[in-house]
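Only one structure is covered here, and it is reproduced in the block below.
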Amino acid sequence: MQGRFEKRGNVGIIWINNPPVNAISVGVRAAIIDGVAKLAQDAEINIGILACEGRTFMAGADITEFGKPPLSPGLHEAINAVEGSAKPIVAAIHGTAFGGGLEVALGCHYRVAIADAKIGLPEVKLGLLPGAGGTQRLPRLIGIEAALAIIVSGDPVPAAQAAKSGVIDKIVEGDLLEGAMDYARGLAERKAPLRKVRELHVDAGKIPPGFFEAARQRLAKEKKNLFAPQRIVDALEAAATLPFDKGMARERELFLQCAQNNQSKALQHVFFAERKAANVPNLDKNVTKRDIKSVAIIGAGTMGGGIAMNFLNVGVPVTLLEMQQEALDRGVGVIRKNYENTASKGRLTMQQVQQRMGLLKPTLSYADVGEADLVIEAVFETMAIKKEVFAKLDKAVKKGAILASNTSYLSIDEIAASTSRPGDVVGMHFFSPANVMRLLEIVRGAKTAQDVLLTIVDLAKRINKVGVVCGNRDGFIGNRMLGGYAYQASLMVLEGAMPEQVDAALRNFGMPMGVLQMSDLAGLDVGYKSRKDRDPASFDGRVSRSADLLVEMGRMGQKTQAGYYDYAPGDRTPRPSAVVAEIIEKVSQEYGIARRKFTDEEIVERCFLALMNVGCDVLSEGVAYRSSDIDIVYLYGYGFPAYRGGPMFWAENAVGLKTALEKLRKYSAATGGKWLKVSPLLEKLVAEGKGFASVGQ
Ligand code: NAD
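The numbering of the sequence shown is the numbering used here, which starts it at 20 and goes up by one.
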């Protein structure tokens with residue numbers, strides 16, 4: 020049993036103790052039931068408190084029980100025991116009462132909390148709904164609209180707000196237990212009623228007419244393609260229209276529908292994949308991380324500025340270096356403007372803006388970066404310039420500092436070789452906008468020291484990023500795979516689909532933007548320039564021909580308000596262009612390609628199977644440690660929809676590797692096998708009847 024019972028005069032305290040977060044394990048559930056029984060047995064006791072030891076109230080389910088046969092007693096049993104107690108029980112909340120934790124608290128007759136506590140029902144984030152009465156009790160306590168907002172967002176709600184809406188009865192100042200005891204004794208003295216939430220009724224008069232239908236329609240837009248939010252509305256409708264027990268049965272039914280849906284499996288995969296990504300295999304256990312108290316960034320352009328904000332946000336001082344005063348002023352100005360915009364939306368105070376800007380030291384001199392614990396280079400993507408910068412850093416920066424590059428494609432080993440300390444060199448590949456996108460690819464060079472790697476993995480968490488360690492190969496994980504994906508999109512444009520159809524199919528699949536739209540955002544000139552530097556035999560020139568013609572016409576993408584699409588001034592909405600359609604048709608003709616109709620299904624399949632196919636190569640080469648890391652890269656770096664689990668999970672679970680292989684063979688054969696080569700790893704896995712879990716570490 021993970022808890023104990025304590026008697027203090029007329030108050031019985033049911034203590035839960037399951038460090039670190041009091042997850043509601045079977046032992047915790049047993050302790051609750053046992054505590055309620057002890058409360059009943061002692062005639063001197065007339066009121067109970069349910070409280071948790073350690074740093075938090077029960078913060079949710081015990082994830083180690085996920086996917087295993089249910090252990091008795093279950094959560095419903097524990098909650099029913101609490102609610103069925105003949106003596107009132109007060110939940111005393113500190114830290115977080117999340118998921119099952121809040122559902123237990125809702126089974127209590129009253130709830131008090133300290134001011135910095137939080138409550139929430141985050142199940143929707145795993146594609147589920149609260150399955151232990153949350154959808155039936157919360158609306159009975161605070162009304163349908165407020166309950167829907169909490170359950171469908173899954174976000175934490177601060178105690179003060181929860182007190183306003185009626186989830187919390189009292190905010191306790193000072194010591195929680197003292198406050199809870201006072202509150203409980205007060206209840207006992209005035210013989211307060213046993214307030215069972217199950218016996219309350221949703222006030223139908225307070226529900227606006229047509230509320231549920233409107234909610235379904237709104238959520239179909241706001242939570243596009245998501246299964247659970249719709250089921251949550253169904254569950255709340257049941258709370259409003261059915262007696263409690265029938266509502267509970269409906270909740271169960273809807274919970275099971277969610278649990279059996281692929282989206283929930285995908286979201287759970289993401290949950291575990293994110294945790295696994297922080298695991299770097301084969302690190303010596305005795306390695307300790309280095310201290311990072313200050314950071315220097317070289318280059319104050321698009322990336323340098325965004326990267327700087329990550330550190331300023333968590334109180335780490337940043338020295339920002341540029342070559343010219345003008346570029347430095349521009350870079351600092353952009354950072355300030357970004358913060359001021361956030362402040363104008365009420366998400367930062369002006370004092371916080373000043374604090375953050377106060378931590379930023381702009382400079383033109385390498386002498387100012389000498390004491391930094393970590394230097395991140397974000398200058399132009401040219402090897403010669405990177406080498407020059409690293410050679411300068413080698414001279415200027417103290418020994419023991421980490422030297423990182425934000426390069427998108429270049430070799431970390433080659434960059435490291437321009438220093439006398441290649442062990443201190445690592446890749447830190449942020450994604451644009453660097454202050455927003457959560458992915459950080461951590462590129463392990465051949466000589467990168469273990470403690471450097473460990474330090475950066477830890478630092479990623481400190482700045483709220485998801486770090487994925489990868490090998491040093493062209494484009495690392497994400498950008499390398501992008502090639503396969505973008506190639507198919509452009510090829511289909513050549514074969515008959517217009518950019519707007521390709522991009523719409525990708526958006527409907529759940530991508531935040533289509534891949535051609537993304538090219539417009541990045542600038543078509545970027546690819547154009549890189550193709551000029553490459554051996555023309557190394558890429559399929561037919562597929563890039565339209566883009567080349569567009570660039571030569573001055574259509575560089577969003578920055579010129581014209582690329583694959585037209586753009587109105589100050590508006591990023593892509594508008595189909597007649598000029599582009601004409602060019603595309605001309606290029607198809609030029610290569611003798613008969614244009615045909617595409618289904619959205621084929622577009623999605625070709626793009627993402629090709630993406631996964633490169634993922635297989637990345638995996639078999641050891642550039643990624645495990646397929647789930649590749650999923651994380653696509654989720655947090657490219658906006659692949661989490662409810663599909665990432666490209667590898669999607670291919671394995673929604674398509675099936677065998678089908679994926681058959682389709683890829685077909686697509687490969689259609690282009691002569693030259694530009695789409697089926698990954699030998701995929702062939703091998705299918706032949707052996709194995710899945711991605713069998714590969715990697
Ligand atoms: P950018 O052109 O916006 O900024 C580069 C900045 O570096 C400029 O302000 C320039 O003045 C400065 N600079 C150039 N040489 C310098 C030197 N020797 N010393 C000091 N400053 C110097 O470029 P960006 O988009 O910020 O890209 C920077 C790096 O980040 C590149 O390696 C790029 O591949 C990588 N990257 C870019 C993106 C993206 O989406 N833009 C994403 C990930 C990684």
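C-beta atoms are modelled at their ideal positions from N, C-alpha and C, and glycine is treated no differently.
In this model, Ile326 and Asn454 are separated by some 6 Å (Cα to Cα).
Where Tyr610 is concerned, there is no enclosing beta strand (DSSP E), because DSSP gives it neither an H nor an E.
Burial is judged here by how many other beta carbons sit within 10 angstroms of a residue's own beta carbon; Thr338 has at least 16 and is buried. Assignment of Ile187 by DSSP, reduced to helix, strand and coil, places it in the coil class. Between Val485 and Ile461, the CB-CB gap reaches or exceeds 7 Å.
Inter-segment contact for the segment 365–380 and the segment 400–412 is absent: fewer than three beta-carbon pairs are separated by less than 8 Å.
If only uninterrupted alpha helix (DSSP H) runs of at least 4 residues are considered, none is enclosed by the segment 61–91. Here the distance from the Cβ of Glu400 to the nearest heavy atom of the ligand NAD is below 6 Å. Under the DSSP definition of a beta bridge, Ala132 partners with Ile112 and Ile190.
At least one heavy atom of the ligand NAD lies less than 6 Å from the C-beta of Ser451. According to the DSSP assignment, Arg271 belongs to the alpha helix (DSSP H) that extends over Phe263 to Gln279. The straight-line gap separating the alpha-carbon atoms of Asp413 and Ala435 is approximately 10 Å. In the DSSP annotation of this structure, the continuous segment of the alpha helix (DSSP H) that includes Pro248 starts and ends at Ala247 to Thr260. Assigned with DSSP and collapsed to three states, Pro595 falls in strand. Not one heavy atom of the ligand NAD sits closer than 6 Å to the Cβ of Met631. Distances taken from the Cβ of Met267 to the heavy atoms of the ligand NAD include none shorter than 6 Å. In the pairwise beta carbon analysis, the segment 628–635 is classified as touching the segment 665–680: at least three pairs are separated by under 8 Å. In this structure Val394 is in contact with Ala423, their Cβ atoms being roughly 7 Å apart against a cut-off of 8 Å.
For the pair Gly542 and Val570, the Cα-to-Cα distance works out to about 9 Å. Taken in chain order, the whole alpha helix (DSSP H) runs of length 4 or more contained in the segment 304–351 are 321–332. Contact between Thr75 and Gly114 holds: their C-beta atoms lie close to 3 Å from each other, under 8 Å. Partner residues in a beta bridge of Ala151, as assigned by DSSP, do not exist. In this structure, Glu671 lies near Phe711, with their beta-carbon atoms less than 7 Å apart. Thr579 sits in a helix when the DSSP states are folded into three classes.
Per DSSP, the continuous alpha helix (DSSP H) segment holding Met537 begins and ends at Val534 to Ala541. For Ala423, the enclosing beta strand (DSSP E) stretches over residues Ile421 to Ser424.
With 16 or more other Cβ atoms inside 10 Å of its own Cβ, Val599 counts as buried. The three-state reading of DSSP puts Trp669 in helix, counting H, G and I together. The C-beta of Met369 has fewer than 16 other C-beta atoms within 10 Å across all chains shown, which makes the residue exposed. Look at Phe399 here: in three-state DSSP terms it is coil, with no helix or strand label.
The beta carbon of Val545 sits closer than 6 Å to none of the beta carbons in its chain outside the five residues before and after it.
Measuring C-alpha to C-alpha distances from Ala278 to each of Gly442, Glu142, Glu702 and Leu510 identifies Glu142 as the nearest. Beta-bridge analysis with DSSP links Arg27 to Val30.
In its chain, beyond the 5 residues on either side, Leu302, Asp303 and Val306 have a beta carbon closer than 7 Å to the beta carbon of Gln469.
Judged by DSSP in its simplified three-state form, Cys489 adopts strand. Note on the segment 448–506: whole beta strand (DSSP E) runs with a minimum of 3 residues are 458–463 and 485–490, in chain order.
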